[in-house]
Structures are given as C-alpha cells and as structure tokens.
Amino acid sequence: MRIHNRRILADCIDPNPYLFITASAKGPLADETNVTVTVGGVLFPDESDWIAMITPSNAEISSCPLNSLYYVQTGDISCLPLLCHYPVKAQYVSSDPSYLNCGKKKCEVYENDECLVHSCSASITFHVVNFRTDIEFVFFSGGFATPCILKRSDPISFANPNQPLYGHLSSIDSTATKMRVTWVSGDENTQVVEYGQGRSSSSRVSTFKQDDMCSGILPSPAKDFGWHEPGYIHTAVMNGLLPNQTYSYRYGSDLAGWSEQIKFKTPPASGSNELKFLAYGDMGKAPLDPSMEHYIQPGSVSVVKALANEVASGNVDSIFHIGDISYATGFLVEWDFFLSFIAPLASHVAYMTAIGNHERDYEGSGSVYITPDSGGECGVAYETYFPMPSVGKDKPWYSLEQATVHFTVISTEHEWKINSEQYNWIYEDLASVDRRITPWSILLGHRPMYSSYSSILPSVDSGFVESIEPVLMKNKVDLVFFGHVHNYERTCSVYQKTCKGLPTKVNGIDTYDNTNYTAPIHATIGMGGFTLDDFSDEAAEWSLIRISEFGYVRVHATTYKLSVESLRRMLLPLHLPPYEIDGIAKVAYICKKNNLVLVAYPIPCCFFDFSA
1 MRIHNRRILA DCIDPNPYLF ITASAKGPLA DETNVTVTVG GVLFPDESDW IAMITPSNAE
61 ISSCPLNSLY YVQTGDISCL PLLCHYPVKA QYVSSDPSYL NCGKKKCEVY ENDECLVHSC
121 SASITFHVVN FRTDIEFVFF SGGFATPCIL KRSDPISFAN PNQPLYGHLS SIDSTATKMR
181 VTWVSGDENT QVVEYGQGRS SSSRVSTFKQ DDMCSGILPS PAKDFGWHEP GYIHTAVMNG
241 LLPNQTYSYR YGSDLAGWSE QIKFKTPPAS GSNELKFLAY GDMGKAPLDP SMEHYIQPGS
301 VSVVKALANE VASGNVDSIF HIGDISYATG FLVEWDFFLS FIAPLASHVA YMTAIGNHER
361 DYEGSGSVYI TPDSGGECGV AYETYFPMPS VGKDKPWYSL EQATVHFTVI STEHEWKINS
421 EQYNWIYEDL ASVDRRITPW SILLGHRPMY SSYSSILPSV DSGFVESIEP VLMKNKVDLV
481 FFGHVHNYER TCSVYQKTCK GLPTKVNGID TYDNTNYTAP IHATIGMGGF TLDDFSDEAA
541 EWSLIRISEF GYVRVHATTY KLSVESLRRM LLPLHLPPYE IDGIAKVAYI CKKNNLVLVA
601 YPIPCCFFDF SA
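Reminder that position 383 of the sequence shown reads as 383 in our numbering, one-by-one numbering, no gaps.
Below, the structure is given as structure tokens:
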C-alpha cells in the first residue's frame, strides 16, 4: 500500500490520418453548460476507447500511476482512469450506442465511386461548471487501466473565470438578525454582498494552498494528482435583518461580475414558537451526465431534487448536513461541482454543517481516527468553504438556537475524551440550555452511538459512547441525529444499550411522551446519497426502525410537540427506465404536554411514479 508506481503514457501506435476530436463549444464556456464532444475518423471502434475532460488543459498526463491506491485510500473502489493528473470526468465512447457498430459512417477514400475506406464517429455530452481553469478533451484507447492517447482537443476557456459563484448561507448566532453568505470567485479582490433595501457588506477573502494539505508516505490525492486550485473564497455578513423574514441579495463586484438576485429566508430567532428544518448526512453528489467520476453518490441527485422542492415551497427555515459533505476527499475540483449542486438549497436558507471523516481524517493530522478518509484535506477545505459559528480554527463544534430548539453540533473526528477541550465544551453547552426558551435539545454529529450495521471497520466507537452518552443523559437531550452509516435507523429512548422508554401508537404514529423523560432517542440519518448500507439480520432491542433507502428527515418543532418525518427517495436499478419513486414515511412524532415530549418514527405512506 506504500508503493507509488508510474509509467510513461505515450501516444497510441495509430497512424490513422483521419482521426479528430472536437467540442460543440465555439467560444468561451458559460458558468454551467453541457458540452458535446465528437470523435471522428475512427477506423476501428473499440470498447476500450474513452474520452477524458482534463483541467487545466496544460495538465501533465505524460505518465500515470500503475495502481489505484489514490482512489482506494479515500474509500473509493470503483474503476476509474489511472492517469497521473485526475481527469475531472471520463466516459467510454461506447456510451454513444452507434459507436461500436459504426452507425455514423463517413467515406474517407473513394475509388470509382466506391468507398474503399470509411471511418466512424460518435458524440457524447459532458456537464461542466465554472471551475475557473480552462479544459480540454482527450481521446484515449486502452481503457482506464492502460490508457494511450489518440487525440487531444483544443483548450476551451470559461467566459469569466472570476465570476462569483456558488453562494450559500449560514447562521451566525441565535438572534437570526445576521446571516453569512459564502461564495467562490477567481478574483482575490474584496467583493460585496448587496441585500435588503440598499445595504451592503464587504467580503473577507481566503483560500488554501497545496502545501496546506496533509500527506503520508504515499502522497495523498490532495497533495498530488487530485489537487486543483480552489480560487478565492469570499464570505460576508448581512447585518440588521429581522428573524423569519424574506429578503433578496446578490454578491460580486463590477470588476468580477455579479450573481443573480436571490431570495432568502432568515430562520426564526431563539424563543419563537415554531421551527421547520431538514436534516441528513452523507450526501455528496453525482454527475449530471453519464460520466465516471471520483466517489459518485447514487442517491444524491434524487435527494437534492426533493430538497430543492421543499425549499422552494417556503416551508423550510434551515438545513443541517451532518458530515461527509462533498466526498471530494482530495480531488479538489469536486468541491466546485458540489457547491453548484447544492446552490438551489443553500443559497435560500441557512445551510448548517457538521464535519465528518471524509472532511477531516488523515494520519498524523491530529484527528481521532488515522484512516485517510479525507484524501489529505484534513478539514482545511471544509472549514474554508463552510464557515460555521465554531469555537475556533480546527475546532468545528458550535451551538445554535432556532425557535424552540437548542442545537448542539459536535465533531466526532476531534478529541472527545473526558476533560478534553471539546468534551468540556459539550458538557457546558448542554448544561446551559434554558428549557423555558428552547424546550427541545437536539445534538448532531457524524459518527453514531447506536447502529445495527456491521462491517470490517466498526461504525460505533465504544470510547465515544462511554465519554459522551452520560452527558446527554444527564442533560436530558431529547433527540440525537448522526450520519456515517448510510441508512435510516431509529431507537427507543435508550441509554447504555437498554431501552428506558418505548413509544406508543397515536393515530398510527410512534409517540414518545417526554413529560416523563427517560433517555435520548437516537436517529441515524446517513441516507442522503451515498451507496446504502444493509442491516444485519438480527437487531438489538433498542433498534425499533431500520430503513435502507435514500432520503432525509423533515422536522417541525413547536413548544409542545416535535415531529419528525422520514422522507424516502428510492431509485430503481440503473438498467431500468429512469424513473424515481417518491415516498413519505411519517417518521417521528414528538408530543409535548407541560414540558417535553418526543416523537419518532416512520410509517410508510403513498408512493408516486415520476418520469425523469
């Protein structure tokens, strides 16, 4: 696992004088577009022929690794191109169904009106977003494992590499009178956000370098072939807002360009009487074309479509994404695709996050776990793209109050042992909750305390449970959301693996009465997009509901009731027609009388078919 092999990647031995590759883009590229790439003059189409999208166009692809350890070290075991520089996208030319049987023919040599030599062509389409550096398309043969170059296209640039893009919002405090907006640009100069009635705020500009990434004996993807310049990350604070109100904003500058005008909603302030939020973990992204990419999360497109509809309805105050955010894991250009992917959600409501193993972990980085899951990013990219109201740099834990809920967001990747800095902070934060103002206490993090899923690497760290679970019990935390395991699971009111309380059915919904508090309810919600995990055949008594389907949870909190619905997005097998099935499961209901009452669980509801 520590061997780093490279070999010379030469042009294919192919004297074909007719070969060409062209792109449909006749001028500079828009910020988001589809580019159709055509290869032609091919004399012998082969199933090993493929096209890569390379950025920047001058990237070194004269050599490539002979192994796939760069991908594997992050957990991605799919078959991907073994080039020295990471190809942003790759597609086999046979994805054009006419290619292998030469359905698109052209005669290259005639003799006496008879065609002596004919060639074949094919066209495939790539979805592209503005990642600031120019691109080129390279035609290979030999498959992903032993590629050789047939032809390269001319470089194509973006119309405005400095364009401010991918704005997303986050809350700063519990007053809901301030909102942070963060965006990416190729311009390092200060820009502004304009909002409300003629107000504006200047941006603070930051970035990170390749030297900021972690590495080991085997260079990490972030240090080597996965690196891509991140541009400049701008963040600005919109002040003087009113809670639970709708405003509009735009960001940028006359020099770099401006975003479109975007409507956004502030969350309700601490102490108000109603909150509606969505939550999930482990979402990532998937290509919006047939390309192969690093770490494809098959359920993410379906889930994001559903989330975007929720946000567009105006019935969402905030979103919590609890770890394993983009799965870029050292392949830095993937952050641009992810930020573009979530813009329909994150640009309109507060998008609050927690750090996960795929953002932080790497050997020698100070993480609790030494697995190379972040690909060498070590939290640097995550904290730059998603500035939260955290305690400090590389201390990504924070608390926030919205309406009737006190949120405690922790890092399961940083030290949590008794008397550690984070442990003491969690203890003090939970002890400080004023239930007269926020009657509900919810803790969110990445790695779960309870899970029925079993694999080679344990999904539950007993040391973490022993340290933190007593603090939750002591402070009567109502509900705990974790991700990391890629399914949905909900427990009884549980402490030390023992059910202290069970729900009763009220109108078919599992209902926990927290007027007589017994223990926290745990819900694993890591079903946001990553390939799903199956459950073991046998489950412990504390596990009440187990669903292995893509989705997220919708939470509605008032003073006396907390209801949780599990919304399920199921995808049919990829070889079937592209249909999706939407399902809603009433997943958790929490009822409150004088003080606290918790609800939980899902009841399968109706399903609807939609054509893609």
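Note that CB positions come from ideal geometry on N, CA and C, so glycine has one too.
By alpha-carbon distance to D11, the top candidate from T235, N58, K151, V192 is K151. Residue environment for P17: exposed (fewer than 16 other C-beta atoms within 10 angstroms of its C-beta). R436 is classed as exposed because its beta carbon has fewer than 16 other beta carbons within 10 Å across all chains shown. Cα atoms of S536 and D76: separation of roughly 23 Å, rounded to the nearest angstrom.
Per DSSP, the beta bridge partners of Y110 are C115.
Between F277 and I319, the C-beta gap is smaller than 8 Å, which places the two residues in contact. Going by beta carbons, K476 and Y512 fall outside the 8 Å limit.
The beta carbon of A346 lies closer than 6 Å to those of H168 in the same chain, with the five residues before and after it left out. Where E428 is concerned, the enclosing alpha helix (DSSP H) starts and stops at 421–431. E108 and T329 have their C-alpha atoms some 46 Å from each other.
With a 10 Å radius around the Cβ and a threshold of 16 neighbouring Cβ atoms, L332 comes out buried. Counting the other Cβ atoms within 10 Å of the Cβ of H118 gives fewer than 16, which makes it exposed.
Excluding the 5 residues flanking it on each side, Y251 has same chain C-beta neighbours closer than 8 Å at P164, G167, V181, W183, Q191, V192, V193, E194, S203, H234, A236, W258, S259, in chain order.
Membership of K151 in any alpha helix (DSSP H) is not indicated; the residue belongs instead to the beta strand (DSSP E) covering 148–152. The alpha-carbon of E114 is positioned some 12 Å away from that of K106.
In this structure, DSSP gives R132 a state outside helix and strand, which the three-state scheme calls coil.
In its chain, beyond the 5 residues on either side, N244, K265, P267, P268, L275, K276, F277, V349, A350, Q402, A403 have a beta carbon closer than 8 Å to the beta carbon of D317. Measuring C-alpha to C-alpha distances from A381 to each of D211, D96, A145, G143 identifies D211 as the nearest.
F481 sits buried, since 16 or more C-beta atoms from the chains shown fall within 10 Å of its C-beta. Scanning its chain for C-beta atoms nearer than 6 Å, with the 5 sequence neighbours on each side dropped, one finds around N34 the residues T125, H127, in chain order. Beta-bridge analysis with DSSP links V368 to no other residue. Less than 8 Å divides the Cβ of I521 from the Cβ of T491. In the three-state reduction of the DSSP assignment, K474 falls in the helix class, which pools H, G and I. Between the beta-carbon of I342 and that of H446 there is about 18 Å, and that puts the pair past the 8 Å contact cut. Scanning its chain for C-beta atoms nearer than 7 Å, with the 5 sequence neighbours on each side dropped, one finds around S24 the residues V35, T36, in chain order. In the DSSP assignment, F320 forms a beta bridge with A279, M352. V301: member of the alpha helix (DSSP H) spanning 300–312, first to last residue. DSSP, read as helix, strand or coil, puts A523 in strand.
In this structure, the beta-carbon distance from D282 to G529 falls below 8 Å. With 16 or more neighbouring CB atoms inside 10 Å of its own CB, D478 falls in the buried class. Residues R132, G186 of the same chain have their beta carbon placed closer than 6 Å to that of P161, with the five preceding and five following residues left out of the count.
Under the criterion of beta carbons closer than 8 Å, K104 and A90 do not qualify as touching, at roughly 21 Å. Your pair E415 and V368 checks out as a contact, with CB atoms roughly 6 Å apart and the cut at 8 Å.
Only buried fits S441, as 16 or more other CB atoms lie within 10 angstroms of its CB. Straight across, the Cα-Cα distance linking P287 with E32 is about 13 Å. In chain order, S206, T207, F208, P230, I233 place their CB closer than 8 Å to the CB of T384, counting only its own chain and leaving out the 5 sequence neighbours on each side.
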